[in-house]
Amino acid sequence: MLARANRIVRGDDYRSVVRRGRRSATAHAVVSVVRRTTDDGTVDPGPTRFGFIVAKTVGNAVTRNLVRRRLKAIAHGLLPDVPVGYDVVVRALPAAAQAGWPTLLEDVSRSCARGVEKAA
13 MLARANRIVR GDDYRSVVRR GRRSATAHAV VSVVRRTTDD GTVDPGPTRF
63 GFIVAKTVGN AVTRNLVRRR LKAIAHGLLP DVPVGYDVVV RALPAAAQAG
113 WPTLLEDVSR SCARGVEKAA
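Per my numbering, residue 13 is the first one in the sequence shown, and the count goes up by one each step.
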């Protein structure tokens, strides 16, 4: 799973990424990516962080937790591919509940790569 340093945990950080980040959407997820900067405008050298939003529209608690666990596993696999200093928020759409692992993996990976290219 994701280490604490690789997770977005504050609500303000989630809002900031969703509002300012570059969005890339598929049928199963919307991925928002933003490059973190320090106060003086330089790129933040901190680790890449991921956050997940899985609303009640995705399904009941069991389904939401399954989707969240899948997204966390995908993010763990993406850590080496995403450069340091980025924040990524993945919002699961209702179709994610019926998506298989390979489909969800392909969608999120492709969206994350597009988001990083846009935010660079």
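Ideal placement from N, C-alpha and C gives every residue a C-beta, glycine not left out. None of the values given here were measured: they were computed from a predicted structure.
Spatial distance of Val79 from Ser28 (CA atoms): On the sequence shown, residue 79 is found 67 positions in, with the first residue counted as 1. On the sequence shown, residue 28 is found 16 positions in, with the first residue counted as 1. For Val79 and Ser28, the distance between alpha carbons rounds to 23 angstroms.
Beta-carbon proximity of Arg19 to Ala131, cut-off 8 angstroms: By one-based count along the sequence shown, residue 19 stands at place 7. By one-based count along the sequence shown, residue 131 stands at place 119. Taking a C-beta distance under 8 angstroms as the contact criterion, Arg19 and Ala131 do not qualify as a contact pair.
Classification of Gly63 by the beta-carbon crowding that lies within 10 angstroms, buried from 16 upward: Residue 63 sits at position 51 when you count from the first residue of the sequence shown. Gly63 is buried by the Cβ-count criterion.
First and last residue of the uninterrupted alpha helix (DSSP H) at Ile65: Position 53 of the sequence shown holds residue 65. Under the DSSP assignment, Ile65 falls outside any alpha helix (DSSP H), being part of the beta strand (DSSP E) whose first and last residues are 61-66.
Identified DSSP bridge partners for Tyr98: Position 86 of the sequence shown, counted from the first residue, corresponds to residue 98. Answer is Arg47, bridged to Tyr98.
Stretch pair the region 36-54 + the region 95-106: three plus CB contacts closer than 8 angstroms: Result yes; three or more Cβ-Cβ pairs closer than 8 angstroms.
Alpha-carbon spacing of Ala104 relative to Val94, whole angstroms: Position 92 of the sequence shown, counting from 1, holds the residue named residue 104. Position 82 of the sequence shown, counting from 1, holds the residue named residue 94. So the alpha carbons of these two residues sit roughly 20 angstroms apart.
Close-in-space but distant-in-sequence residues of the same chain around Leu91 (CB under 7 angstroms, 5 per side omitted): The sequence position of residue 91 within the sequence shown is 79, counting from 1. Asn18, Thr60, listed in sequence order.
Environment of Thr69 [buried if 16+ CB atoms lie within 10 Å]: Reading the sequence shown from its first residue, position 57 is the one you call residue 69. Exposed is the label assigned to Thr69, since fewer than 16 other Cβ atoms lie within 10 Å of its Cβ.
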